[in-house]
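Enquirer: Taken in sequence, the protein lines are chains B and C.
First residue of the first sequence: 294, per our numbering; consecutive thereafter.
First residue of the second sequence: 2, per our numbering; consecutive thereafter.
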Amino acid sequence: MTKKQKKNLQRIVISSCILVLLVIAEHFLPLPELLFRLLYLIPYYIIGNDVLLKAWKGIRNRQVFDEAFLMAVATIGAMILGETVEGTAVMLFYQIGELFQSIAVGRSRNSISELMEIRPDYANIINEDGELEKVDPDDLEVGSIIVVQPGERIPIDGIIVEGSSSLNTSALTGESMPRDVSEGDTVISGCLNDNGLIKIRTTREFGESTVSKILDLVENSSMKKAKAENFITKFARYYTPIVCWSALALAIIPPVILGLQGSGWEFRTWIFRALTFLVISCPCALVISIPLSFFGGIGGASRNGILVKGSNYLEAVADAGIVVFDKTGTLTKGVFEVVDIVPEEGFTEKELLNLAAAAEKYSTHPVAVSLKKTADQDLSGYNIQDEHEISGHGIQAIINGKEVLAGNQKLMRSNNVEYRDNNSAGTIVYVAVDKQFAGSIVISDVVKDNAANALKEIHDTGVRLTVMLTGDNQAAAKAAAEKLGVREYHSELLPGDKVEKTEQYIEIKKPGEIVCFVGDGINDAPVLSRADVGIAMGALGSDAAIEAADIVLMDDDISKIPLAIRIARKCLRIVRENVIFAIGVKILCLILSAFGITNMWWAVFADVGVMVIAVLNATRTLRI
Amino acid sequence: MKKTYKIDVDCANCAMKMEDATKTVEGVKDATVSFMTLKMKVEFEDGADPEEVMPRVLEACKKVESDCDIEF
């Protein structure tokens, strides 16, 4: 609790004790009523002095419809009408509610700012005396050498020039897998240095570094308000004045009409009902709980490595009806791997693979790289001679005295090799030795292990259509689509076609539905910004993705997408619950109090009680 | 030009009123107040000097909500 909160708690305790004592005393001591009325002013003043002062200042500044004014009018009115206990109690409950609200909001703020603690506030440099000196990271120029000791956070993006260590990225990605780094590796600010001392040459200014960008993004997210928030703003603007004027009407019109009809001038009853109206008129429950829900939702998502750039995007993603995926790097790992080896008789899988790798030894083509990665690392048993590349066909080389061909079908045909067709999806490398077919190797972009599961989860959240866009050929696209379980796919697309395809889905979406596009941020920035909600994956280190996307996943874990949808849904459900609950209870209490069925106690519940419940409900969004 | 300022205010409704008040100040193009992060983002008109505008923003805010503060 802050100092202010402690002081308020003290006031609440003291005045409620005095109030209880006075109520008991009034019951048992035969003292004049007027004396008690005056005595009740003591707890009333202790608990309400700041509200009264604020109300007075408000009147002077012509700000009549604020909470303080309403509470002051209602309670002073009650005191004058002789309802001293009610008057004091209403003020007391109001203060309890305020204190509670301030604590709850403070808690949420703290749990979000834990995330903010990744902001490094210093960098170590080596000064002229050769000693470490802490400096403001803002002052460092690009190319400075900084030292990061074990247990410290990397303050600025850069490249390691000395030392090695393992880095903990959990603050950024929500994953606790340590990453080993050594000289020459690029490191990202915000990571925790777990063990070794490292020296880094900075490649960016502090303000441009990953950690600064991420924090800016999270801090600014509550500035982009959701539709629900704007609705509340508008609602509050009309609600309070309407209730206040109705209160005035309620105090005057019914008693005058009744009086004229000759049923007696009942001003007292009606004024009391009008005061009850005023107590209910504050829209606090809504005004505080809705932003709090979104704030909590965005905070909870951040802690899972999902950065949402605004409440409006969180609101939008809850209505996701169609999710369009870019295949490479999103659903697949984006690296080519050997997925199948089909040797002919007389060759083992290993031999075939090593032969192909040896033939491709000097090639840097992605296919060659994946072959070399899977084959034996030591290929010294293969004497490679006369190696040359036949463009568009493959490689021809003499290995251990034998002619080896490794390439596509065209290479086989042009050399009159009788080969066996391989219809697998992916890139096929055919291998022949001395014009004899030796077998084929299938290389393909590998689907992420959890992708199929994540897609199933996405469908379970109620997304009706998932689409995969890819530049791959039809066979590879079909195989991947079937393996993943996406509902539709489009193959052989050029990067520009992806925008067009996404637009087609935006056209066919149902009203109230939104279209999400998920990409890895590499050359799909235009699609990310065109879709209703653009989600970029594996954004750690990719500025373009952070800029273009509305929701940014720090790592490339695809299961974060259904998680993001679930968080958004939960958040929106809580928002709706609060709107309906708060408005419902208030309207009910207004009607009941107009007919005199409820009293000021109920009004206090409608104001403070509803707010407390709504705030408690809103804080649920923090827990995922 | 956009600038972000730290603010201090007790209730969400008051933060909303500060936002409205700030928007009416001369030299301010747009303003957003976030009660959750206690931050105020002010977009200034072209050529306006924040140093000169901000005291008037504070004054306007104080009028609608006496218990508020802006750090600038």
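Beta carbons are placed, not taken as given, at the ideal position from N, Cα and C, and that holds for glycine.
Taking L909 of chain B as the reference, which of B:K520, B:R400 and B:G375 has the closest Cα?
Expert: The candidate whose alpha carbon is nearest that of L909 of chain B is B:R400.
Enquirer: If you run the structure through DSSP and keep just helix, strand and coil, what is Y782 of chain B?
Expert: In the structure shown, Y782 of chain B sits in a strand (DSSP, three-state: E or B).
Enquirer: Taking the Cβ atom as the reference point for each residue, do N14 of chain C and E434 of chain B lie within a distance shorter than 9 angstroms?
Expert: No. Outside cutoff.
Enquirer: Could you work out which residues of chain B lie near F36 of chain C, taking near to mean beta carbons separated by less than 7 angstroms?
Expert: What F36 of chain C touches in chain B: P584.
Enquirer: Could you tell me the distance, in whole angstroms, from the CA atom of G380 of chain B to the CA atom of K527 of chain B?
Expert: Rounded to the nearest angstrom, the two C-alpha atoms are 30 angstroms apart.
Enquirer: Using a cut-off of 9 angstroms between C-beta atoms, extract the partners of A61 of chain C located in chain B.
Expert: Those do not exist, as A61 of chain C stays about 10 angstroms from chain B at its closest Cβ, beyond 9 angstroms.
Enquirer: Would you mind sorting W558 of chain B into buried or exposed? The rule is 16 or more other CB atoms within 10 Å of its CB.
Expert: Burial call: exposed.
Enquirer: What is the DSSP secondary structure of T466 of chain B, counted as helix, strand or coil?
Expert: Three-state DSSP puts T466 of chain B in a helix.
Enquirer: Consider the Cβ of K42 of chain C: report whether some Cβ of chain B lies at a distance smaller than 9 angstroms.
Expert: K42 of chain C counts as touching chain B.
Enquirer: Output the distance between the C-alpha atoms of C62 of chain C and A16 of chain C, rounded to the nearest integer angstrom.
Expert: So the alpha carbons of these two residues sit roughly 9 angstroms apart.
Enquirer: What is the DSSP secondary structure of Y337 of chain B, reduced to helix, strand or coil?
Expert: Correct three-state label for Y337 of chain B: helix.
Enquirer: For the region 322-356 of chain B, which residues have a beta carbon sitting closer than 8 angstroms to at least one beta carbon of chain C?
Expert: For the region 322-356 of chain B, which is checked against every Cβ of chain C, the residues closer than 8 angstroms are K347, K350, G351, N354 and Q356.
Enquirer: Taking only beta-carbon positions, decide if K18 of chain C is within less than 9 angstroms of chain B.
Expert: True, the Cβ-Cβ gap to chain B drops below 9 angstroms.
Enquirer: Using a C-beta to C-beta distance shorter than 7 angstroms, which residues of chain C count as neighbours of S515 of chain B?
Expert: Neighbours of S515 of chain B on chain C, chain order: S35, M37 and T38.
Enquirer: Does DSSP put P430 of chain B in a helix, a strand or coil?
Expert: Looking at P430 of chain B - three-state DSSP - the assignment turns out to be helix.
Enquirer: DSSP on E446 of chain B, reduced to helix/strand/coil?
Expert: One point to set straight first is that residue 446 of chain B is Arg, not Glu, in the sequence displayed. Strand.
Enquirer: Whose Cβ in chain B lies nearer than 8 angstroms to the Cβ of D11 of chain C?
Expert: In chain order: E391 and S395.
Enquirer: Alpha carbon to alpha carbon, what distance is there between P448 of chain B and G827 of chain B?
Expert: One C-alpha to the other measures close to 28 angstroms.
Enquirer: Measuring only the C-alpha atoms, how far is Q767 of chain B from L758 of chain B?
Expert: Their backbone Cα atoms lie some 20 angstroms apart in a straight line.
Enquirer: When you compare the CB positions of K728 of chain B and L762 of chain B, do they come within less than 9 angstroms of one another, or not?
Expert: Contact: no.
Enquirer: Could you tell me whether the Cβ atoms of I373 of chain B and I335 of chain B are closer together than 9 angstroms?
Expert: Not a contact, by the Cβ cut-off of 9 angstroms.
Enquirer: Relative to chain C, which residues along the region 545-577 of chain B have a C-beta separation below 9 angstroms, given in chain order?
Expert: Within the region 545-577 of chain B, the qualifying residues are C575, P576 and C577.
Enquirer: So with CB distances below 8 angstroms, who are the chain B contacts of D68 of chain C?
Expert: Going along chain B in sequence order, the residues near D68 of chain C (Cβ under 8 angstroms) are K347.
Enquirer: Can the beta-carbon of A875 of chain B be found closer than 9 angstroms to that of A567 of chain B?
Expert: Going by C-beta atoms, A875 of chain B is not nearer than 9 angstroms to A567 of chain B.
Enquirer: Could you confirm whether any beta carbon from chain B is found closer than 9 angstroms to the beta carbon of T25 of chain C?
Expert: Chain B, which has no Cβ nearer than 9 angstroms to the Cβ of T25 of chain C, makes this no.
Enquirer: Excluding sequence positions up to five away, which residues of its chain have a Cβ less than 8 angstroms from the Cβ of E870 of chain B?
Expert: Excluding residues within five positions, the ones whose Cβ falls inside 8 angstroms are N910.
Enquirer: On the premise that A772 of chain B lies in contact with Y782 of chain B, defined as a C-beta separation below 8 angstroms, what is that separation, rounded to the nearest angstrom?
Expert: In fact, because the Cβ distance is near 10 angstroms, the residues do not count as touching under 8 angstroms.
Enquirer: Let me check one thing: in DSSP terms, what residues is A416 of chain B bridge-paired to?
Expert: Its beta-bridge partners are B:V428.
Enquirer: Considering just the uninterrupted stretch of the alpha helix (DSSP H) at T623 of chain B, what are its terminal residues?
Expert: T623 of chain B -> no alpha helix (DSSP H), and no H or E assigned at all.
Enquirer: Along the chain, where does the beta strand (DSSP E) that runs through Y6 of chain C open and close?
Expert: Where Y6 of chain C is concerned, the enclosing beta strand (DSSP E) stretches over K3 to D9.
Enquirer: Exposed or buried, E391 of chain B, counting other C-beta atoms within 10 Å across all chains shown (16 or more means buried)?
Expert: The residue is buried, with at least 16 neighbouring Cβ atoms inside 10 Å.
Enquirer: Taking 6 angstroms as the limit between beta carbons, can you name the residues of its chain near V845 of chain B, skipping five residues before and five after?
Expert: Closer than 6 angstroms at the Cβ level, and outside the excluded window around V845 of chain B, lie L600, A829, A832 and I839.
Enquirer: Sorry if obvious, but does the Cβ on D817 of chain B come closer than 8 angstroms to a heavy atom of the ligand SAM?
Expert: The ligand SAM is absent from the structure shown, which contains no ligand whatsoever.
Enquirer: Relative to the C-alpha of M470 of chain B, which residue among B:S459, B:V480 and B:T479 is closest?
Expert: Of B:S459, B:V480 and B:T479, the residue nearest in Cα terms is B:S459.
Enquirer: With 9 angstroms set as the bound, which would you pick, yes or no: does the beta-carbon of V65 of chain C sit closer than that to a beta-carbon of chain B?
Expert: Chain B contact via Cβ: present.
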